[in-house]
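See structure below.
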Amino acid sequence: MAPPVLGVDIGGTAIKIGRVTTDGTLRDARQLPTPHEPEAVADLIAGEAAATPTAAIGVVSPGIVDEQRGVVVYSANLGWRELALRDLLSTRLGAPVVTGHDVRAGALAESRWGAGEPDLFFLPLGTGLASALITDGQIRGTGWAGEIGQILVPDPDGGGRVPLERVCAAGALAHRYAAATGSSDTSGGARAVFQRAAAGDEAARRVLDSAIEALADVLATSAGLLGPVPVVLGGGLAEAGDALVQPLRAALAARLPEPAMPPLRRAGLGQWAGCLGAAALAMTSGGSP
């Protein structure tokens, strides 16, 4: 059996690392704090790669990523600009490294081992919002592609137009609820907003309803461009299950005729989609059979 592929998902606060077999089995999965400097990140990954025989290495990061050049053009979460990540890692490791975008890679992993769809529109609803399109099992787009969270929508709380992620990303829900109730406590996050809405809290219900309406507007537009490609919902908000999926499906049905309705599904790989996707990129690039 071929050695597993090392998958690395660099996040703003944590790096997810694991070894992935060709059937998508994740082994030795763990999280480590993300160092502040790119060189320290490279040293950490080099140490992990040296610990166990590895067939190939895939590394993904958030932000605007140019996969062809192996450059992180801009990542607010990491504070990186024009970082030649692929060259940095290849130099540290003394071996080729495949680099990519965390959400696009996660979409590839979902297509292969999670949702199992050759065509899908992957939408992780987390701290921010980005999306990715898979057709015929292949990633489509690079660079700015998929930055759905930056689409401007009407601000449901007043104030003109704002990026979608400021309305319905996980962190946005908590902040919007706090603002609506005159509180400064956002410690419960989006989960607490869903719980309060389920318990009859009207402010929480209004925050969620307006977020779902805004998201449905954008997804309906996407369906008009892409057709009824299955929408796979990931990230922390997807853990709300039917409390998110059912009202979102109803909101889409109010905007689209039945033949244009995209199926809505929850992602199958959870928080490890990026790590698995990093490995999938390396396998796709010929690093593993």
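With positions in the sequence shown counted from 1, the corresponding number in my numbering is that position plus 24. Note that CB positions come from ideal geometry on N, CA and C, so glycine has one too.
Counting only runs of at least 4 residues, the region 220-259 fully encloses the following alpha helix (DSSP H) elements, listed from N- to C-terminal order: 226-250. In the three-state DSSP reduction, W104 falls in the strand class (E or B). F218 sits away from A275, with the two beta carbons spaced by 8 Å or more. Each of D126, Q270, A291 and G260 was checked against the Cα of G150, and the nearest Cα belongs to G260. Ranked by Cα distance from A131, the first of P120, V269, L102 and D143 is D143. CA-to-CA, the gap between R190 and S114 works out to about 36 Å. Going by beta carbons, V122 and L107 fall outside the 8 Å limit. A Cβ-Cβ separation of about 7 Å places V127 in contact with F146 under the 8 Å criterion.
DSSP places L112 in the uninterrupted alpha helix (DSSP H) bounded by L109 to L117. In its chain, beyond the 5 residues on either side, A38, I39, K40 and I41 have a beta carbon closer than 8 Å to the beta carbon of Q55.
Here the alpha carbon of L68 sits roughly 41 Å from the alpha carbon of A247. DSSP links H125 through a beta bridge to S85. Non-local beta-carbon contacts of R200 in its own chain, meaning distances under 7 Å to residues more than five positions away in sequence, involve D181 and V231 in chain order. Around L188, the same chain offers L153, I172, G173, Q174, I175, L176, V177, A238, L239 and V242 as residues with beta carbons nearer than 8 Å, after the five sequence neighbours per side are excluded. The C-beta distance from A214 to L197 rounds to 4 Å, short enough to fall under 8 Å. When the Cα atoms are used, A244 and L272 turn out to be separated by approximately 11 Å.
With a minimum length of 3 residues, the unbroken runs of beta strand (DSSP E) contained wholly in the region 273-303 fall at 288-290.
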